[in-house]
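*Asks:*
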Amino acid sequence: MGGGWTVNEPLLRISALRKAYGSRLVLRSIDLEVAEHQVVCLIGGSGSGKSTLLRCIDLLDVVDDGTIHLGGTELTDPRLDANLARRRIGIVFQAYNLFPHLNVLDNITLAPRQVHKVPRRQAEESARELLARLGLADKAHDYPERLSGGQQQRAAIARALATDPQVLLFDEITSALDPELVGEVLDVVTDLKERGLTILMATHEMGFARQAADQVCFLQDGVIREQGTAEQVFTDPRHESTRRFLSRVLER
Ligand SMILES: Nc1ncnc2c1ncn2[C@@H]1O[C@H](COP(=O)(O)OP(=O)(O)OP(=O)(O)O)[C@@H](O)[C@H]1O
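In this note's numbering, the protein residues as written are 82 to 333.
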């Protein structure tokens, strides 16, 4: 592990990543780099492999081949303690993944207190700061079921932030929301970008990707067909498959 880590290295580096479920090859040979403070959006049709890629990075799925480096650490090193490594990553899924039996404050302080051994007072103080920043200051003692979908996703983002991760992975975090709630969650992502967080997100929100992403990756059948700045991919896609995908989703 480690070694060769210089300030010029991207924060997250994925090389020749391959993942199959049984005989179905889902990620073929993924190369992707995310620099510190960048927002990278993964776009692509249903089943193209976006979620699988994020799950591999968070070590929820075991890769078949290739490497993932975060900072100086190879996450794919079989000797690595996955639970330790995962603490450096914050992930939020499409479906609200708050613990239903805990109020918002306890959801957010759970990992800092139990995993990072942060004293309760300190964990709660930090959680309240996060809640205030995400517009949820008055929701600390509410249970998830009392929150709207947008509020639940914002609380889930607060929970992901509570352990101060090096990188945030967002897996279609607005896909399950009513359309009128999408904006409030994307505004939070924009705020995190402005604060310099590093974010890799799978999204179907093309307008957001175009406006907020530093890099956009178009996935198709487990391959990155095209990668470039948002401006380049959206205004001048190099590949016919990107062009077809964009014209299909943008005309909806
Ligand atoms: N646990 C699993 N076992 C078997 N096949 C799986 C599993 N998870 C995903 N797949 C398959 O892998 C392929 C890629 O799925 P994935 O969820 O990564 O796509 P996606 O791009 O995120 O799609 P969507 O935009 O619909 O969420 C799909 O064909 C899916 O059916």
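Where is the CB? At the ideal position from N, CA and C, for every residue including glycine.
Straight-line CA distance for TYR47 to THR244?
*Replies:* Residue 47 is absent from the structure shown; the chain starts at 82 and stops at 333.
*Asks:* How do the region 292-312 and the region 102-120 stand: do at least 3 beta-carbon pairs fall below 8 Å, yes or no?
*Replies:* A contact exists between the region 292-312 and the region 102-120.
*Asks:* With respect to the alpha helix (DSSP H) encompassing PHE336, which residues constitute its N-terminal and C-terminal limits?
*Replies:* Any property of residue 336 remains undetermined from this structure, which presents the chain solely from 82 to 333.
*Asks:* Is DSSP giving LEU106 helix, strand or coil here?
*Replies:* Counting from one through the sequence shown, the residue named residue 106 turns up at place 25. The answer is strand: DSSP assigns LEU106 an E or B state.
*Asks:* Report the rounded CA-to-CA distance for GLU312 versus LEU281, giving the unit in angstroms.
*Replies:* Here residue 312 refers to the residue found at position 231 of the sequence shown. Here residue 281 refers to the residue found at position 200 of the sequence shown. Their Cα atoms are separated by approximately 17 Å.
*Asks:* Do you know offhand how far SER129's Cα is from PRO200's?
*Replies:* As a working note, residue 129 is residue 48 in the sequence shown. As a working note, residue 200 is residue 119 in the sequence shown. Each residue's Cα considered, the two are about 42 Å apart.
*Asks:* Is any non-hydrogen atom of ligand 3 found closer than 8 Å to the C-beta of VAL107, if you look at the structure I gave you?
*Replies:* Among the ligands in the structure shown, ligand 3 does not appear; only ligand 1 can be found there.
*Asks:* Please state whether DSSP places TRP86 in a helix, a strand or coil.
*Replies:* The sequence position of residue 86 within the sequence shown is 5, counting from 1. Reliability fails at TRP86, whose pLDDT of 48 lies under 50, so the model's placement of it is uncertain and no value is given.
*Asks:* Is it true that the region 304-324 meets the region 159-176, where meeting means three or more beta-carbon pairs spaced less than 8 Å apart?
*Replies:* These segments do not touch.
*Asks:* Where LEU250 and GLN233 are concerned, what is the direct C-alpha to C-alpha distance, given to the nearest angstrom?
*Replies:* As a position in the sequence shown, residue 250 is number 169, starting the count at 1. As a position in the sequence shown, residue 233 is number 152, starting the count at 1. Near 17 Å, if we compare the C-alpha coordinates of GLN233 and LEU250.
*Asks:* Curious, which full-length beta strand (DSSP E) runs of at least 3 residues does the region 194-265 contain?
*Replies:* Entirely contained in the region 194-265, the beta strand (DSSP E) runs reaching 3 residues are, in chain order, 248-252.
*Asks:* Using 8 Å as the cut-off, classify the Cβ of ASP346 as near or not near the heavy atoms of ligand 1, replying yes or no.
*Replies:* The structure shown has nothing for residue 346, since the chain only spans 82 to 333.
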